[in-house]
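Single-structure report; data block below.
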Ligand SMILES: [Fe+2]
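Written out as structure tokens, the structure reads:
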């Protein structure tokens, strides 16, 4: 059981953010306010094809700011992609970064910023508080409602040599401003919508049960669970509905504010290990692991999990075991396992568990899990459809 | 719960939730301060240089910044200078040229630099000759011209002094030759070329000293002597370009650097053919004079000896003619004695001649001449008869 006192020291860091329809068009104004003259516009080919990078570019041009587009970024951004982005940043003599896209371009943009200001390889920043020179000003415009990289202190980069994800955690990674516009979300595919939505739910649940949660983060975590639970199924029916899209965006914002300060737990530790080894979509990994981590953690924070169950359960009045409720919710969204079906091999589980055990997210998990506990979670996920 | 975590995890958790020593939100202020300190150090360095450095706005030609040397040279305050055009710091005749130079320079790429000589006008209307290098630079999208001016007052004075010395060497009526320590000629003046029958001085440069002496080993000997003794004066036989020999006097010295190491040798050659011929004529004349004096002495002896016999004989006979004979004999003796006295009186002249003939005559004069001199003196002493 987690023993908490409201007198425990807690800190709450949040970036400046603007949310609402048309927020994207403020990119130029803020870039100018931050003194940017030559911007590195970090995005990915999908977002570029959907026209959102171009829309942000227009806003920059209107503000009289030059920019260079860098879009050589894959899902699960690689350290080499970060370093080539840094080279472009330096060679084009940029003095600011604007990221447009989901978690991958935003994490990559954070990496480019610190690698550029410190002139060091991105892999050397692995760990917590290891960024001595602050990155240049960073403006984030999310085009998905899930990663919350636009408000978080995390950047997850894949070390392609060792096929693993590294976590860079630093308050210096929190962007300078986040422009939350629901419109770019309308071009997301159904699969991306539900995967990123389940990532939001994982962030909110993990922050709420984190051993570093606080009354400030609780408010945001619970609001995020409420919002995503109601909006996500609806938005799959009406992907063009700006109000529903905005609700998922708000859910992601609330979850981001909660987990960036309370941190997260075992779901993410296991998902980072899995995604690094198999190059799987992060949201899908968290969706398939969440219910099993809840079961493993439940006894460490039963009250909190029950409160989550009360929100997620099919009938609000009845208390539903949260793991079951989450599993049911996932299935209604059409996300199905098992891990075996997405190419994960059973004999890889001990190595995955060992990697997850050392992930910094594990230190705020409500229960201290052993490697065996982690292997068992992977094994459940390996079989559960 | 914090107490549940091992020490390493506890510290990591503190940092993740923002309570670590360096878990700080992004702030540019410390970095800004260190960059400012760096700039101040750089500024101090620039102020230490003797060169006057001007930063000029390309568009207006006005000064944007100057270092401390500018203020020291010109006597204006920085405030006054920043309200001034660069071209205004020159004399009215040069001003238009500088307006044009700045205008042209700003159109050229930064690697293109240009150097000119001009005089800056100080507040007290002194003209300071400067070598000025200008190049264009771009800072933050704005075009500037940087001018670096170096005071060349001392250089001009040194050049003028050098020119005078060069002219003196060149116009000397003595032949002057400078050779390196191996005897290779570095410089020969006009007189040297003329003396040795070369059309132009350049035809001599690079030749070895041996080419200028009838005995080719002399050059080497002179060089060797100079390296040991630093100075030499010697008469020898020179060799003209056409192969004809002539008498020269060579005086040489070694040119040394401040540390006393030999740099080169300098020879001064004088054509002494005229003096040599005069000396020869003098020697011949002195020899002839000596002979004449000897002959006079012998002549005197040849007259006086028979006269002694005649006088002796006349004194013994008692003859009225005897008195007449004696009288005539005394008259003859008086004439000879007068002649002797005339020579004695011209002793100073002869002494002078002899002295100047000494170096041409052997240390021990021929017996005849010596004897004649002694005899003359003896005769003079015996004139009382
Ligand atoms: Fe996540």
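Chains as they are written, first to last, in my numbering: chain A, 489 to 873; chain B, 23 to 407. Backbone N, C-alpha and C define an ideal beta-carbon position, used for all residues, glycine too. These numbers come from a predicted model, not from an experiment.
Residue burial classification, residue i (beta-carbon count within 10 angstroms, cutoff 16)
| i | result |
| --- | --- |
| residue 152 of chain B | buried |
| residue 559 of chain A | buried |
| residue 634 of chain A | buried |
| residue 187 of chain B | exposed |
| residue 849 of chain A | buried |
| residue 363 of chain B | exposed |
| residue 386 of chain B | Only weak support is given to the placement of residue 386 of chain B: the predicted model assigns it a pLDDT of 37, under 50, and the question is left unresolved by the model. |
| residue 285 of chain B | exposed |
| residue 65 of chain B | exposed |
| residue 574 of chain A | buried |
| residue 316 of chain B | buried |
| residue 792 of chain A | buried |
Proximity below 8 Å, CB of residue i to CB of residue j
| i | j | result |
| --- | --- | --- |
| residue 682 of chain A | residue 720 of chain A | yes |
| residue 610 of chain A | residue 645 of chain A | yes |
| residue 647 of chain A | residue 547 of chain A | no |
| residue 713 of chain A | residue 796 of chain A | yes |
| residue 232 of chain B | residue 241 of chain B | yes |
| residue 14 of chain B | residue 320 of chain B | In the structure as shown, chain B starts at 23 and stops at 407, and residue 14 of chain B therefore has no counterpart that could be examined. |
| residue 705 of chain A | residue 746 of chain A | yes |
| residue 80 of chain B | residue 45 of chain B | no |
| residue 660 of chain A | residue 619 of chain A | yes |
| residue 291 of chain B | residue 230 of chain B | no |
| residue 847 of chain A | residue 757 of chain A | yes |
| residue 535 of chain A | residue 589 of chain A | yes |
| residue 287 of chain B | residue 276 of chain B | yes |
| residue 71 of chain B | residue 89 of chain B | yes |
| residue 779 of chain A | residue 815 of chain A | yes |
| residue 337 of chain B | residue 329 of chain B | no |
| residue 235 of chain B | residue 259 of chain B | yes |
| residue 638 of chain A | residue 670 of chain A | no |
| residue 668 of chain A | residue 505 of chain A | yes |
| residue 529 of chain A | residue 541 of chain A | yes |
Residue nearest to residue i in terms of C-alpha spacing, selected from the options
| i | options | result |
| --- | --- | --- |
| residue 296 of chain B | B/309, B/269, B/289, B/93 | B/269 |
| residue 690 of chain A | A/535, A/578, A/811, A/861 | A/811 |
| residue 823 of chain A | A/844, A/873, A/787 | A/873 |
| residue 759 of chain A | A/746, A/774, A/672 | A/774 |
| residue 782 of chain A | A/825, A/868, A/828 | A/868 |
| residue 518 of chain A | A/561, A/598, A/496, A/628 | A/628 |
| residue 282 of chain B | B/260, B/249, B/99 | B/249 |
| residue 570 of chain A | A/688, A/780, A/531 | A/531 |
| residue 510 of chain A | A/710, A/676, A/866, A/630 | A/630 |
| residue 632 of chain A | A/495, A/501, A/687, A/608 | A/687 |
| residue 158 of chain B | B/123, B/192, B/139, B/150 | B/123 |
| residue 267 of chain B | B/345, B/237, B/279 | B/237 |
| residue 108 of chain B | B/85, B/274, B/52, B/239 | B/85 |
| residue 727 of chain A | A/544, A/541, A/673 | A/673 |
| residue 512 of chain A | A/640, A/789, A/545, A/792 | A/545 |
| residue 564 of chain A | A/594, A/585, A/575 | A/594 |
| residue 743 of chain A | A/725, A/711, A/717, A/772 | A/711 |
| residue 37 of chain B | A/497, A/503, A/516, A/598 | A/497 |
| residue 701 of chain A | B/150, B/33, B/39 | B/39 |
| residue 643 of chain A | A/617, A/657, A/789 | A/657 |
Short CB-CB distance (under 8 Å) between residue i and chain D
| i | result |
| --- | --- |
| residue 617 of chain A | Note that chain D does not occur in the displayed structure, where the protein chains are A and B. |
- Message: Count Cβ pairs between the segment 618 to 625 of chain A and the segment 728 to 743 of chain A that sit closer than 8 Å; are there 3 or more?
- Response: Because the criterion of three Cβ pairs below 8 Å is not met, the segment 618 to 625 of chain A and the segment 728 to 743 of chain A do not touch.
- Cβ contact (3+ pairs, closer than 8 Å) linking the segment 833 to 848 of chain A and the segment 760 to 772 of chain A: Contact holds: three or more Cβ-Cβ distances are below 8 Å.
- Task: Check each residue of the segment 749 to 766 of chain A: if its Cβ is closer than 8 Å to any Cβ of chain B, include it; give the result in chain order.
- Result: Listed in sequence order: 749, 750, 751.
- Message: Quick check: the segment 187 to 207 of chain B against the segment 157 to 175 of chain B, are at least 3 beta-carbon pairs closer than 8 Å?
- Response: Contact between the segment 157 to 175 of chain B and the segment 187 to 207 of chain B is not established, with fewer than three Cβ pairs separated by less than 8 Å.
- Message: Tell me which residues of the segment 29 to 47 of chain B have at least one Cβ-Cβ distance to chain A shorter than 7 Å, keeping chain order.
- Response: Legend: CB atoms of the segment 29 to 47 of chain B lying less than 7 Å from CB atoms of chain A belong to residues 31, 34, 35, 37, 38, 39, 40, 41, 42, 44, 45, 46, 47.
- Item | Residues of the segment 849 to 861 of chain A with Cβ closer than 7 Å to any Cβ of chain B, in chain order | If you check each beta-carbon in the segment 849 to 861 of chain A against every beta-carbon of chain B, the ones closer than 7 Å belong to 851, 852, 856.
- In chain order, what residues of the segment 45 to 64 of chain B put their CB closer than 7 Å to some CB of chain A? For the segment 45 to 64 of chain B, which is checked against every Cβ of chain A, the residues closer than 7 Å are 45, 46, 47, 48, 49, 50, 53.
- Mind the definition here: the segment 843 to 855 of chain A touches the segment 739 to 753 of chain A only if three or more C-beta pairs lie below 8 Å; say whether that holds. They touch, by the three-pair rule.
- Task: Evaluate contact between the segment 154 to 163 of chain B and the segment 173 to 180 of chain B, counting only Cβ atoms and requiring at least three cross-stretch pairs below 8 Å.
- Result: As far as the Cβ criterion goes, the segment 154 to 163 of chain B does not touch the segment 173 to 180 of chain B, which means the pair count is below three.
- Hey, is the segment 692 to 703 of chain A in contact with the segment 550 to 558 of chain A, meaning 3+ C-beta pairs nearer than 8 Å? Contact between the segment 692 to 703 of chain A and the segment 550 to 558 of chain A is absent: fewer than three C-beta pairs spanning the two stretches fall below 8 Å.
- What residues from the segment 146 to 175 of chain B come within 9 Å of chain A, judged by C-beta to C-beta, listed N to C? For the segment 146 to 175 of chain B, which is checked against every Cβ of chain A, the residues closer than 9 Å are 162, 163.
- Message: Can you confirm whether the segment 206 to 225 of chain B touches the segment 104 to 113 of chain B when touching is taken to mean that 3 or more C-beta pairs between the two stretches lie within less than 8 Å?
- Response: Output reads no: the segment 206 to 225 of chain B does not touch the segment 104 to 113 of chain B.
- Message: Which residues of the segment 592 to 606 of chain A have a Cβ closer than 7 Å to any Cβ of chain B? Give them in chain order.
- Response: Within the segment 592 to 606 of chain A, contact with chain B at the beta-carbon level (separation under 7 Å) is assigned to no residue.
- Just by C-beta distance, which residues in the segment 682 to 708 of chain A are closer than 9 Å to chain B? Only 698, 699, 700, 702 from the segment 682 to 708 of chain A bring a Cβ to less than 9 Å from some Cβ of chain B.
- Using a Cβ-Cβ cut-off of less than 8 Å, list which residues of the segment 518 to 536 of chain A approach chain B; keep chain order. Here the close residues are 525.
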